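Participant:
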Ligand SMILES: C[S@@+](CC[C@H](N)C(=O)[O-])C[C@H]1O[C@@H](n2cnc3c(N)ncnc32)[C@H](O)[C@@H]1O
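Numbering (this note's numbering), first residue to last: 116 to 397.
1) Hey, quick one: how far does the alpha helix (DSSP H) through residue 256 stretch, first residue to last?
2) With a cut-off of 8 Å on the beta carbons, I'd call residue 138 and residue 246 a contact; round off their distance for me.
3) Report whether the distance from the Cβ of residue 151 to the nearest heavy atom of ligand 1 is below 6 Å.
4) Per DSSP, which residues does residue 298 bridge with? Please list them.
5) For residue 284, is the beta carbon positioned less than 6 Å from some heavy atom of ligand 1?
6) Is the beta carbon of residue 195 within less than 6 Å of some heavy atom of ligand 1?
7) Answer yes or no: do residue 311 and residue 328 have a C-beta to C-beta separation smaller than 7 Å?
8) Should residue 194 be labelled buried (16 or more other beta-carbon atoms within 10 Å of its own) or exposed?
9) Going by DSSP in three states, residue 322 sits in which element: helix, strand or coil?
10) Output the distance between the C-alpha atoms of residue 153 and residue 130, rounded to the nearest integer angstrom.
11) Confirm the yes/no value for this check: CB of residue 311, any heavy atom of ligand 1, distance under 6 Å.
12) Should residue 398 be listed as close to ligand 1, given that the test is whether its C-beta is under 6 Å from any heavy atom?
13) Would you call the segment 273-283 in contact with the segment 218-238, where contact means no fewer than 3 C-beta pairs closer than 8 Å?
14) Skipping 5 residues on each side, what residues in its chain have a beta carbon closer than 8 Å to that of residue 179?
15) What did DSSP end up calling residue 174 once you bin it into helix, strand or coil?
16) Could you check which residue in 163, 257, 325, 375 has the C-alpha nearest to that of residue 214?
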């Protein structure tokens with residue numbers, strides 16, 4: 116099967132997702148506290164494996180429950196329909212037009228989980244560089260992208276293995292199991308905060324998300340990462356990025372408190388490097 120590609124700011128590059136798939140090959144139980152687009156979850160999935168995941172965005176639940184774990188793709192959208200909801204009222208993406216906002220709101224109120232996964236990805240792709248900041252499309256393009264992504268998702272229905280997903284803040288509903296692998300790809304603090312709390316909350320609320328996306332500030336990161344590195348597991352697959360706070364050196368220092376770094380690889384991602392670090396826990 117080809118690699119799952121799903122539009123989402125910050126989704127890891129293919130090399131990094133493959134890296135995680137490779138290093139989780141023999142793992143039967145996998146914990147993913149920050150599942151995001153589902154790209155790494157897809158890369159690590161396989162028959163006989165159980166992946167337990169968390170994310171505060173409803174679009175992640177849409178992908179994992181509405182696609183990977185579903186026996187068919189359920190959709191309620193035959194044609195574009197509109198509603199004056201949260202996105203329409205707030206225009207939470209710069210320069211978004213009324214009709215596009217109304218379509219997102221309609222799917223938020225009436226769409227299935229698969230519809231929500233598809234519209235979230237289509238929405239990101241209608242913003243400049245997929246960053247969820249400035250809108251650069253019209254409702255016709257948004258609908259075309261939605262339909263195209265929905266068709267694409269058909270190939271990822273009913274993926275092998277078991278998926279247990281929590282639409283939740285992993286610090287409020289912490290993992291209670293012991294795992295072979297914990298795969299950690301946290302939000303990155305760029306200048307003062309992370310991109311998810313800064314740009315995805317409007318979309319998440321419009322799509323009927325249950326959670327507030329927590330803000331990550333410089334003072335929060337080390338303590339939060341220390342907590343997820345402490346999840347009981349044989350090994351950690353850690354993903355990080357250059358040019359963010361704290362530095363990769365700080366991350367290595369923190370990881371070494373939880374085990375031994377046995378491998379480190381890096382992949383060029385636009386102007387930054389994605390670091391993939393394998394840690395065997397003591
Ligand atoms: C870097 S992304 C993960 C990308 C993922 N590896 C992928 O394959 O696309 C980080 C994710 O963490 C989520 N997140 C942030 N804080 C969280 C929290 N406290 N609990 C659960 N998820 C959280 C964000 O919504 C975002 O989707």
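Each residue gets a CB set at the ideal place from its N, CA and C atoms; glycine is no exception. Here the structure is a predicted model, which is why all the values come from computation and not from measurement.
Facilitator: Judging by the given coordinates:
1) 254-268
2) Contact flag wrong, Cβ pair sits at about 29 Å.
3) Yes, Cβ of residue 151 sits closer than 6 Å to a heavy atom of ligand 1.
4) Looking at the DSSP assignment, residue 298 forms a beta bridge with 352.
5) yes
6) no
7) yes
8) Exposed is the label assigned to residue 194, since fewer than 16 other Cβ atoms lie within 10 Å of its Cβ.
9) coil
10) Going from the Cα of residue 153 to the Cα of residue 130 covers about 15 Å.
11) yes
12) Residue numbering for the chain in the displayed model covers 116 to 397; residue 398 lies beyond these limits and cannot be assessed.
13) No: fewer than three Cβ pairs fall under 8 Å.
14) 150, 153, 156, 168, 278, 280
15) helix
16) In this structure, 257 is the residue among 163, 257, 325, 375 with its C-alpha nearest to the C-alpha of residue 214.
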